[in-house]
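Residue numbers (my numbering), protein chains in the order written: chain A, 10 to 114; chain B, 9 to 163. Cβ atoms here follow ideal geometry from the backbone N, Cα and C, with glycine treated the same way. Take a look at the structure set out below.
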Amino acid sequence: MAQKQYGPATVEVDAEGYLADFSQWTREVAAAIAREEGIAELTPAHWKVVEYIQKDFKENGQVPSIRKLNKSGVISTKELYELFPGGPAKKAAKISGMKKPEGCV
Amino acid sequence: MTDKIKKVSIIISKGGLEGVYPGLIMANGARMEGIEANLFFTFFGMDAITKKRMGKIKVATVGNPGMHMPSILGILPGFSAMATSMMKKTMDKIDIPPVPEFVEMIADAGGKFYACKATVDMFKLKKEDFCEQVDSIINVGKFYEIAAGGEIIFT
């Protein structure tokens, strides 16, 4: 398993830089991943998404889809694409310390 | 590494759930990867963006060898509706939305929808017959203009 420096921490990652061990996730790590993904600063709107993803994963063992984020009232699809440009599902999952989403939608 | 795909223009020409979904899934998947996506609807594929029909698209149970059953069963009254309802339930579970919601989702994701001029003329349709996500009615030439510099996928 590879290691990577995200902000102040050195963490275990997979080949694409997704955290291998969620227990190593911190808000500083999240911010560093976000910067690497082209998001200069995580706003309260970003954190709301991140927190929901983590909560939903804890409850269901799955990273919620874009559709679920929209339907649960957390964030509209339009806003999600604005907040995480160029790949919302993947970027939000990565910043949240999740594995890469595998679904097609 | 080879160059990444930056733009796809997907033609949806076939009706029925099995005709419409592959293109929608590919378009949505493109947007999820940050790829620009255009959708061009022609012939019976156009049902997916017409207000009257988009919510009533069924899976073809006749002449569809993929159904894994004798075609004669497919002609039974209500059979297509039943197969459609089963399929929709399964898809909903894996978060593939019904057609109208899927169209909205792709549009919200930044995908662009176009209707084919020839089909519009043939079926005597008007702009008002289409759902609000449809950008415009365009001819083939305009489609190529929009698709320029990207990949074209025909479904």
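Here His76 of chain B is exposed. Its C-beta has fewer than 16 other C-beta atoms within 10 Å. With a threshold of 9 Å between beta carbons, Pro108 of chain B makes no contact with chain A. Assignment of beta-bridge partners to Cys124 of chain B by DSSP yields B:Ile146.
Non-local beta-carbon contacts of Val114 of chain A in its own chain, meaning distances under 8 Å to residues more than five positions away in sequence, involve Ser74, Ile75, Arg76 in chain order.
In the DSSP assignment, Phe49 of chain B falls within the beta strand (DSSP E) that extends over 44-49. It is roughly 33 Å from the alpha-carbon of Ile84 of chain A to the alpha-carbon of Phe151 of chain B. With a threshold of 16 other beta carbon atoms within 10 Å, Lys135 of chain B falls short and is exposed. With distances taken between CA atoms, Gly119 of chain B lies nearest to B:Ile154 out of B:Lys66, B:Gly23, B:Met62, B:Ile154. 9 Å or more divides the Cβ of Leu133 of chain B from the Cβ of Met62 of chain B.
The shortest C-alpha to C-alpha distance from Ala89 of chain B to any of B:Phe48, B:Ile161, B:Gly24 is the one to B:Gly24. If you look at Tyr15 of chain A, you'll find it in the beta strand (DSSP E) that goes 11-15.
Under the DSSP assignment, Ile160 of chain B falls in the beta strand (DSSP E) whose first and last residues are 159-162. With respect to chain B, the C-beta atom of Lys109 of chain A has no partner C-beta closer than 9 Å. Not a single C-beta of chain B is nearer than 9 Å to the C-beta of Arg44 of chain A. For the pair Ala45 of chain B and Ile18 of chain B, the CB atoms are nearer than the 9 Å cut-off. According to the DSSP assignment, Val22 of chain A belongs to the beta strand (DSSP E) that extends over 18-22. Met40 of chain B counts as buried, since at least 16 other C-beta atoms from the protein chains shown sit within 10 angstroms of its C-beta. Close to chain B, meaning a Cβ-Cβ distance shorter than 8 Å, are the following residues of the segment 65-81 of chain A: Ser74, Ile75, Arg76, Lys77, Asn79. Shown in chain order are the members of the segment 91-105 of chain A whose Cβ falls below 8 Å from a Cβ of chain B: Pro94, Gly95, Gly96, Pro97, Ala98, Lys99.
The straight-line gap separating the alpha-carbon atoms of Val22 of chain A and Gly112 of chain A is approximately 20 Å. For Ala117 of chain B and Val59 of chain A, the gap between their C-alpha atoms comes out near 19 Å. The residue among A:Gly26, A:Gln14, A:Lys13 with its C-alpha nearest the C-alpha of Lys108 of chain A is A:Gly26. Residues of chain B with a Cβ closer than 7 Å to the Cβ of Lys87 of chain A are, in chain order, Asp116.
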